[in-house]
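Asks: One structure, pasted below without further comment.
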Amino acid sequence: MTDGITKVTSHISPNEQLIFERSQQGRIGYRLPALDVDESPIDELLPQEFRRDDDLEGVPEVSEVDVIRHFVRMSTWNYSIDLGMYPLGSCTMKYNSRLNERVARIAGFANLHPLTEEHDAQGALQVIYELEQHLAEITGLPGISLQPAAGAHGEMTGIMIIRAFLDARDGANASGRRTMLIPDSAHGTNPASAHLSGFSVKTIRSTAEGLTDLDHLRELCSHGDVAGLMLTNPNTLGLFERNIKQICDIVHEAGGLVYMDGANMNALVGIARPGDMGVDVIHLNLHKTFSTPHGGGGPGSGPCCCTKELEPFLPIPRVVKTDWTVGEPTFRFEYNRPQSIGRVKAFFGNYGMMLRALSYILTHGNDGLREATEAAVLNARYIANGLTPDYDKPFSSPPMHEVVFTDKRQTRKGVHTLDIAKRLIDYGFHPMTIYFPLIVQGAMLIEPTESVGRQELDQFIAAMRSIANEALEDPELVRSAPNSTRIGRLDEAAAARKPVLRWKPKSD
Amino acid sequence: MTDGITKVTSHISPNEQLIFERSQQGRIGYRLPALDVDESPIDELLPQEFRRDDDLEGVPEVSEVDVIRHFVRMSTWNYSIDLGMYPLGSCTMKYNSRLNERVARIAGFANLHPLTEEHDAQGALQVIYELEQHLAEITGLPGISLQPAAGAHGEMTGIMIIRAFLDARDGANASGRRTMLIPDSAHGTNPASAHLSGFSVKTIRSTAEGLTDLDHLRELCSHGDVAGLMLTNPNTLGLFERNIKQICDIVHEAGGLVYMDGANMNALVGIARPGDMGVDVIHLNLHKTFSTPHGGGGPGSGPCCCTKELEPFLPIPRVVKTDWTVGEPTFRFEYNRPQSIGRVKAFFGNYGMMLRALSYILTHGNDGLREATEAAVLNARYIANGLTPDYDKPFSSPPMHEVVFTDKRQTRKGVHTLDIAKRLIDYGFHPMTIYFPLIVQGAMLIEPTESVGRQELDQFIAAMRSIANEALEDPELVRSAPNSTRIGRLDEAAAARKPVLRWKPKSD
Amino acid sequence: MLEAIGLKSAEELFDSIPQELLLKRPLNTPAALSEIELLNRFEQMGKRNAGAGRPSFLGGGAYSHYIPTIVDHILTRSEFFTAYTPYQPEISQGTLQTIFEFQTLVCQLTGMEVANASMYDGSTALAEAVLMAERVTRRSKAIASSSVHPQYLEVIKTYVQHAGIHLDLVSFDSLTGQSAAALADAVDDETAALVVQSPNFFGCIEDVAKLADAAHAKGALLVVAVTEAMSFGALKTPGACGADIVVAEGQSFGVPLSFGGPYVGLFATREKYARQIPGRLVGEAFDRQGRRGFVLTLATREQHIRREKATSNICTNEGLIALAATVYMETMGRRGIQEAAHQCLQKAAYAARRIASVKGFSLPFSGPRFNEFVVRGPLDAGELLSRLGKDKGIEGGIPLWRFFPDWPNDFLVCVTETNTRAEIDALVEGLGSVSNQ
Amino acid sequence: MLEAIGLKSAEELFDSIPQELLLKRPLNTPAALSEIELLNRFEQMGKRNAGAGRPSFLGGGAYSHYIPTIVDHILTRSEFFTAYTPYQPEISQGTLQTIFEFQTLVCQLTGMEVANASMYDGSTALAEAVLMAERVTRRSKAIASSSVHPQYLEVIKTYVQHAGIHLDLVSFDSLTGQSAAALADAVDDETAALVVQSPNFFGCIEDVAKLADAAHAKGALLVVAVTEAMSFGALKTPGACGADIVVAEGQSFGVPLSFGGPYVGLFATREKYARQIPGRLVGEAFDRQGRRGFVLTLATREQHIRREKATSNICTNEGLIALAATVYMETMGRRGIQEAAHQCLQKAAYAARRIASVKGFSLPFSGPRFNEFVVRGPLDAGELLSRLGKDKGIEGGIPLWRFFPDWPNDFLVCVTETNTRAEIDALVEGLGSVSNQ
Ligand SMILES: Cc1ncc(COP(=O)(O)O)c(C=O)c1O
Ligand SMILES: Cc1ncc(COP(=O)(O)O)c(C=O)c1O
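Protein chains in written order, with our numbering: chain A, 1156 to 1663; chain B, 1156 to 1663; chain C, 2 to 438; chain D, 2 to 438.
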């Protein structure tokens, strides 16, 4: 192995079977109080035909120690932010403050039932209200719903709002406006969300500079069918759409609305506001910009923020402030909003994430929010600088919070983006986002976030440069990576061909 | 590597520097509220000569993320109970229930100041009182002090009680009784504690069977100088001293008292009681038998339990029940105990460990306590059986909760206990206790505890047998172990010759 | 560092943003709080949630079950909660194997063949099930009983409004509290999905097998929603009853109430529909040396590859909550889930019996139930329950007027294994006394 | 499994125990409680500790400092809290490197050259320091000021009673609250250790440098005890003042009050005495490939090797609490420890000023102080403080009559960075009002 590998060493790592393979009849790991009411004969309560008759066969029987060891062992197979930088472009993997976790576990919130009467849940409503206020200030968009459970959910919500607005504005004519424009660089959820909302998608080209092609946009807007545009800004190449104002004007003039995918707000918080750019509606990812933990794939929270004009269309219910009693504001849910697109989720959204995000905003303070943005952009720039000598940087402009490189120089030796990513694992780093955005051949999208210091950035740059060197001198080493993990590259094609999606007892 | 290694695989493991090597001027990881009182000029509060003048140079400056990553990374280098069985003989490494941890963190206990007035700390006193009651029942010894902070501390306390008793009983004559008898198999803390209490130590031989040599004991008891005997039971070879009653009689007849090291109570709880055997005083290790976590070396808690006769000599203060108000008992501290040996620690002992131990006793229940003992002994027996074909078992009697083997058969090929232990690491197991007790050449003392299932016991036995095989066929493989850890055997001799006990800046 | 990249000030980092778009003032959000201040602040707000501290009989889609202490310990392992979606299997096997176990457990509990890696919650899972039924059957009508959770129905409406799917509601039977006979009759050749919840919003168990037959007779899929996952421990599985898609809210399995989220949607179906499932799937795979591992699979269904043609727009799901549910299901295990379900059943029966004997109170529905039931009181339920909260410190139930304005005196009571007999007795007594004020 | 080893019943496992010694009945301890019941039980008992929930000005050897949230997160990492003493360095480097950092930080804060891996607490560390001074000097007298924490003095007495060491107490100066001039004079050629605490039990800072000179002039060691470790952030280090052994209670650094334990004893000395230190030491070491690691070292001092000739009987120490302190010191870091110390100093000064201005209250001692001070009130302090607790819900201080029966009206007040100005003002007001009842 290369001397350049400074971040990791090889060590023993525990194996662990599936829990079903560990199960032993008769073992238990739970302790419930004894039933303290008079027991009724089961037949009186539940007719036989409604009762489960398989005795839950197959569900594991294990002890508490078994469970602890099972998960602790498996956990050690994961990379995580707490182990080091996690430079997944577009994902904004930043540090998840322990304090926010503690806040979310305060009994007054954690044990609160969502259908508690409002007067017994004032603190909970206050949190929603305050968080909305802050997000409105940060985005410059005053109408907020915290109901969406993730970014894609927020997109669907926002696009449905656009549709409801157009229907209200144009009446029957709105049926002629069913085209959503989406750049070729957009995240896959954008077209999928547009589709869910009943729009057909037209793709806008990007320029050689990596920005929205204004001419193409104008052309697409000339047919009268445009409902709106979904734009990510900074876009998925990490570049600020400097013509954003003009873009919004073009779409607005064509009678459409502008949706901004706010996944990249970590480049803008405290610096610039979508509302000031002409954007009509945006979703935020609290699990990116506002640091709520990704948890191995979720939960997220995707607030939808819109202009005053679009506010009537937001999902129900909304939280409104009523009056002040003894110094404390009081709040209630408002359900009677006839123009609302409806409800996108039971209850009020991923409430626990709201607590964490509010805690993030309050512990950072306004200065801290801006400083985090500056650090995130600075770190990305630093990496951009550090990697330019060895990797192809397809767009020359300086990036914002993330930067895209390609494998162009390495492919000559048969080394591709996937190989570079896998080789980074040997160096102890989680790879960057790869092959996204789709318009960049062999894309490597790198987003360091603010949660990493210079030492580790330097280590990362050194690792990448060392890999570039290996690609020249020992390409097979890179192509066979990772070589130091407990498992090698898995045969994903075979897995998809004959999917095994669950455990079954051997005898089956 | 051998195919027999089933418990671990090689994987990447994060490196991490010393925190001092990570420090960067100006970084901070703390957040305190702003000072909210009028600030006085420092000279008015603290004359210059009393003030620190080095600006805390050298103390690290790091961010919160730095600290998290620092410790999370370092933590991954540790073996732990949560990763698997930890068969350290004499150490009783059993599962540490998460529930007990939660109990210890209940605000009403965690935030309670030790000098709170009694009436505002009744719950805390109740816990002490109840735990004492239960320990008295378990040991059959009614006088309890929870003040000692660990086993050795409990030993010192118990031995000082014996001394105080003898002084009270014999007056000036007691100065003729300053010999403490200790078996050659005893733990090192025993003689050290006896010494701290002003006794000189005489060593009793063990028989070929591994038990106390009664003849030798009689002989040693014949000189009139014996203050007492310190005996571990089951002894450190894992054997029950079946002559315990006779042993106690001999010592008592010689005018001495019997101290029992209760480190091995995991073999007895619910099965037999030291008080019923004639023992006068014992310490327990709550961090062994009662499952409070070892925490990488502590904290412990070493309650001292004694007969009614010795009770007046226990450390002050003691908790006593006063009366009952509205259904709730009330408690107070009693300080006025003129015969007490005094205080062995500020405040009342390692209180947090008492909470955990009480929780352990209450969640197990009386049946569960006995079942745990049975399982612990059964597991040790199972291992004893499984290893006998390949390893020398110096004592033929069936063991209690732990079993000793030796490297006798392996030394022929130049493989020693240390090598076997290190090779176990390659197999994914924490080694057993080695070279203890001292009387067994090349001892390997194995204590599985009740916290391990048959699957892992079988894996352990298979690993040990595989190593025995390797010792025959490829002794160098064993001698050079561990081969799969992030660091190899360290040069301990060099480290002790020129000790580096702290980090210093390079320039020094 | 600025210097190292040739910049003089932090402002220069944002040179690519046009001047006029820069925010030239500090954000009007509060200044930074220290840890002490922040915790005080949230604890104060938490105290304004009186409902959180009381004995509670609230259900209706979110349930108070006991959460074993180890669940949160595992959840707060850095390696789990600070990891991303397992895109790189070589360093994500912890998450991947957990999801594979989750999928298996969901299959076992629902009696189905395949399950996905989670949906946002039960309500969105149900809406996605309707969309999936449309994809599978290529039909455009959905029929649902009005005994489905009203908020779930609202979510379906939102999701299908632009998908060309027509949603028909059939009123439930007001004697039994179960879906009406008319529901089965409403299924026709255009019907993609027959949607039913069991136990339903009123706590009544539906005759799922009969509805399955009705749906299948017309070539429609039966979609069964379950909001109280604990019922899987006692009731015949939807799979055994013939359901084609089963969705459930997994909150009952180790997830705090947390004012409604994050929860976790369970989604299971038959193997033949695996390629129509929304969301992520984890499957078994092997490396070149034949070592077993797990990977995200069948990704061609998903938005990042299929874009507008994907089976769903979902990307981030509820990974960590699925982990909580997995730890819960494994810790409770076969016997624990059975035992908890049994206690729910018995305690609810006890409570129902006792409440029905209080003067002025009755149980309007005759259908069999698991752990929830509707109570009809002698006065406005909102008023009654509010008195009960204030005077007795008990959260007694959910007034139904919010969802069914015609039934001012009705409320929904839920009893779980966490409600002691003393609490139930206090509820019974409290209902009697506050209704006599 | 019984079968596998040829046994028929669990009883046979205990065949080696004579029949008459077997307990032939169930233990008379309670039957098993479930998690729910157990938590209820402890929470109920916890509520009987009213003192835990109140604003508090209690110090006297245990201090309320803010504990950053991350401390407990790291403490509850399985790899730390469920590990044993690091006997096998290849799989214990996490613990070992942490201890090495702990030792270094203790040296930095105390101004000393070497430190050990921890002692049980401050009081036992102090007693062991006296024993060590005897070993180093081969003299058998210890002289201590009565301004040392009374419980620490009691512990020394217990420890030295059979060690042939004579302990002399010299009364403190009742005007300054510092040790008396007579203390220095008491040191003679027989003296092994001069023992002083600074800030002392009354919160007064001692002139450690002067005492060091006095001790050294006679060939004795100066042993300095510190109960309030936060003072290291502001006061001249004992090391800089010439101390030979410094012991401290580390509880102030990230350790909950927990009714007095577990805490952690810090123990530091000069390099030349390293081989006389009690307890464990971790040192740097290298493997054959030159990779750096850490090991337990100088083990020949310890009981498991030297047995009765060991430097101490200590084996298990306070590893996990040392970890907490390490996380605390690193999180707070250079500036945080300074800032917290500064706030303690300033807030205590503010409180002292304000209390002294209340009618009937005075500050009897003139010595400089850090964050604790003695207040003399107009009535019995026990009575006064008990009223303050009951009526105002404030834990106002520690009545000194427990330790000094002659001073019924005196009490010890401690102020830290966690006490807000509002709390201090409430204390001041409360003292005024309850003393006027
Ligand atoms: C640019 C972009 N848009 C949308 C999304 C979708 O957000 P979510 O995964 O929260 O649904 C993502 C996240 O992966 C993204 O990176
Ligand atoms: C037999 C025996 N006695 C005494 C002790 C000392 O206990 P502690 O480490 O708690 O001081 C131990 C623990 O290591 C032991 O195994």
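Beta carbons: idealized from backbone N, C-alpha and C, even for Gly.
Bear in mind the structure is a predicted one, so any value in this text is a computation, not a measurement.
Give every residue of the same chain whose Cβ lies closer than 7 Å to the Cβ of Q1494 (chain A), excluding the five residues on either side of it in the sequence, and list them in chain order.
Replies: Stepping through the first sequence from its first residue, residue 1494 (chain A) is reached at position 339. Result list for Q1494 (chain A): A1319, A1323, P1467, F1468, in chain order.
Asks: Does the CB of P69 (chain D) have a neighbour CB from chain F at under 8 Å?
Replies: In summary, chain F is missing from the structure at hand, where the protein chains are A, B, C and D.
Asks: Report the rounded CA-to-CA distance for V115 (chain C) versus V247 (chain C), giving the unit in angstroms.
Replies: Looking up residue 115 (chain C) in the third sequence gives position 114. Looking up residue 247 (chain C) in the third sequence gives position 246. Spanning the two alpha carbons is a distance of roughly 10 Å.
Asks: Who are the neighbours of D1545 (chain A) on chain C, taking C-beta pairs under 9 Å?
Replies: Taking the first residue of the first sequence as position 1, residue 1545 (chain A) is located at position 390. Simply none; closest approach about 16 Å.
Asks: Go ahead and pull the three-state DSSP assignment for S124 (chain C).
Replies: Working through the third sequence from its first residue, we reach residue 124 (chain C) at position 123. Helix at S124 (chain C).
Asks: Grouping DSSP H, G and I as helix and E and B as strand, with all else coil, what is F1445 (chain B)?
Replies: Residue numbering aside, residue 1445 (chain B) sits at position 290 when the second sequence is read from its first letter. Coil, per DSSP.
Asks: For P1196 (chain A), count neighbouring Cβ atoms within 10 angstroms of its own Cβ and tell me buried if that reaches 16, exposed if not.
Replies: What you label residue 1196 (chain A) is simply residue 41 of the first sequence in a count that begins at 1. Counting Cβ neighbours within 10 Å, P1196 (chain A) comes out exposed, since fewer than 16 surround it.
Asks: What residues from chain A crowd round D1221 (chain B), counting only those whose CB sits closer than 8 Å?
Replies: Residue 1221 (chain B) sits at position 66 when you count from the first residue of the second sequence. Correct list: G1608.
Asks: Hey, how far is the Cα of S199 (chain C) from the Cα of A249 (chain C)?
Replies: Walking along the third sequence from the start, residue 199 (chain C) turns up at place 198. Walking along the third sequence from the start, residue 249 (chain C) turns up at place 248. C-alpha separation (whole angstroms): 10 Å.
Asks: Under the criterion of a Cβ to heavy atom distance below 7 Å, does C345 (chain D) qualify as lining ligand 2?
Replies: Position 344 of the fourth sequence, counted from the start, is the residue given in the question as residue 345 (chain D). False, no ligand heavy atom lies under 7 Å from that Cβ.
Asks: Would you please verify whether the beta carbon of E4 (chain C) is less than 8 Å from any beta carbon of chain A?
Replies: Looking up residue 4 (chain C) in the third sequence gives position 3. No, its Cβ sits nowhere closer than 8 Å to a Cβ of chain A.
Asks: Mind listing the chain D neighbours of E340 (chain C)? Cutoff is C-beta to C-beta under 8 Å, in chain order.
Replies: In the third sequence, counting from the first residue as 1, residue 340 (chain C) sits at position 339. Those within 8 Å of E340 (chain C) in chain D number zero; the least Cβ separation is about 11 Å.
Asks: List, in order along the chain, the chain A residues whose C-beta lies closer than 8 Å to that of P1592 (chain B)?
Replies: Translated into the one-based positions of the second sequence, residue 1592 (chain B) becomes position 437. Within 8 Å Cβ-Cβ: nothing; P1592 (chain B) doesn't reach chain A, min ~28 Å.
Asks: Residues in the region 21 to 42 of chain C with C-beta within 7 Å of chain D's C-beta atoms, listed in sequence order?
Replies: Hits within the stretch, in order: E36, I37.
Asks: Measure the C-alpha to C-alpha separation of A1598 (chain A) and G284 (chain D) and round it to an integer number of angstroms.
Replies: Taking the first residue of the first sequence as position 1, residue 1598 (chain A) is located at position 443. Taking the first residue of the fourth sequence as position 1, residue 284 (chain D) is located at position 283. Going from the Cα of A1598 (chain A) to the Cα of G284 (chain D) covers about 47 Å.
Asks: Give the C-beta separation of G1417 (chain B) and N1440 (chain B) to the nearest angstrom, bearing in mind that I take them to be a contact with Cβ-Cβ under 8 Å.
Replies: For the purposes of this step, residue 1417 (chain B) is taken as residue 262 along the second sequence, with counting starting at 1. For the purposes of this step, residue 1440 (chain B) is taken as residue 285 along the second sequence, with counting starting at 1. Indeed they touch by this definition, with Cβ atoms about 7 Å apart.
Asks: Is it true that the region 1216 to 1234 of chain B meets the region 68 to 85 of chain D, where meeting means three or more beta-carbon pairs spaced less than 8 Å apart?
Replies: Taking 8 Å as the limit for Cβ pairs, the verdict is that the region 68 to 85 of chain D does touch the region 1216 to 1234 of chain B.
Asks: When you get a sec, list the residues whose CB is within less than 7 Å of any heavy atom of ligand 2, chain order please.
Replies: Matched residues: B:S1245, B:C1246, B:A1305, B:G1306, B:A1307, B:H1308, B:E1310, B:H1342, B:T1344, B:N1345, B:T1387, B:T1391, B:D1416, B:A1418, B:N1419, B:N1440, B:H1442, B:G1455, B:G1457, D:I315, D:C316, D:T317.
Asks: Under 8 Å between C-beta atoms, does I246 (chain D) make it to chain B?
Replies: Within the fourth sequence, residue 246 (chain D) is the residue found at index 245, counting from 1. Closer than 8 Å: no.
Asks: Buried or exposed for N372 (chain D), please, with buried defined as at least 16 other CB atoms from any protein chain shown within 10 angstroms of its CB.
Replies: On the fourth sequence, position 371 is the one that residue 372 (chain D) refers to. It counts as buried.
Asks: Check whether chain D comes within 8 Å of N1328 (chain B), counting only Cβ atoms and requiring the distance to be less than that.
Replies: Here the question's residue 1328 (chain B) lines up with position 173 in the second sequence. For N1328 (chain B), the answer is no, since every Cβ of chain D falls outside 8 Å of its Cβ.
Asks: Rounded to a whole number of angstroms, what is the C-alpha to C-alpha distance between E91 (chain D) and T312 (chain C)?
Replies: For this step, residue 91 (chain D) is matched to residue 90 along the fourth sequence. For this step, residue 312 (chain C) is matched to residue 311 along the third sequence. Answer to the nearest angstrom: the Cα atoms are 50 Å apart.
Asks: Would you call the CB atoms of A53 (chain C) and L1533 (chain A) closer than 8 Å?
Replies: For the purposes of this step, residue 53 (chain C) is taken as residue 52 along the third sequence, with counting starting at 1. For the purposes of this step, residue 1533 (chain A) is taken as residue 378 along the first sequence, with counting starting at 1. It is not a contact, given that the beta carbons lie outside the stated cut-off.
Asks: Does the region 1499 to 1513 of chain A come close enough to the region 1577 to 1597 of chain A that 3 or more CB-CB pairs lie under 8 Å?
Replies: Cβ pair count under 8 Å is below three, so no.
Asks: From the DSSP secondary-structure annotation, give me the bridge partner or partners of G1523 (chain A).
Replies: Here residue 1523 (chain A) refers to the residue found at position 368 when the first sequence is read from its first residue. Answer is none; G1523 (chain A) lacks a bridge partner.
Asks: Given a cut-off of 8 Å on the beta-carbon distance, is the pair H1308 (chain B) and V1499 (chain B) in contact?
Replies: In the second sequence, residue 1308 (chain B) corresponds to position 153, counting from 1. In the second sequence, residue 1499 (chain B) corresponds to position 344, counting from 1. Against a cut-off of 8 Å, the Cβ pair of V1499 (chain B) and H1308 (chain B) comes out as a contact.
Asks: If I measure Cβ to Cβ from M1156 (chain A) and keep anything under 6 Å in the same chain, skipping five residues before and after, which residues do I get?
Replies: Taking the first sequence and counting its residues from 1, the one referred to as residue 1156 (chain A) is at position 1. Residue placement at M1156 (chain A) is poorly supported in this model, since its pLDDT is 43, which falls under 50; the coordinates still yield a value, given next. Nothing meets the Cβ criterion.
Asks: Just the chain D side, please: which residues come within less than 7 Å of T1518 (chain B) by C-beta, in chain order?
Replies: Stepping through the second sequence from its first residue, residue 1518 (chain B) is reached at position 363. Those are A33, L34, L39, listed as they occur along chain D.
Asks: May I ask you to report which of helix, strand or coil DSSP gives I1485 (chain B)?
Replies: As a first step, residue 1485 (chain B) is located in the second sequence; it is residue number 330 there, counting from the start. Going by the sequence as given, residue 1485 (chain B) is Thr instead of Ile. Strand, per DSSP.
Asks: Can you tell me the Cα-Cα spacing of A1650 (chain A) and Q98 (chain C), whole angstroms?
Replies: Here residue 1650 (chain A) refers to the residue found at position 495 of the first sequence. Here residue 98 (chain C) refers to the residue found at position 97 of the third sequence. Their Cα atoms are separated by approximately 14 Å.
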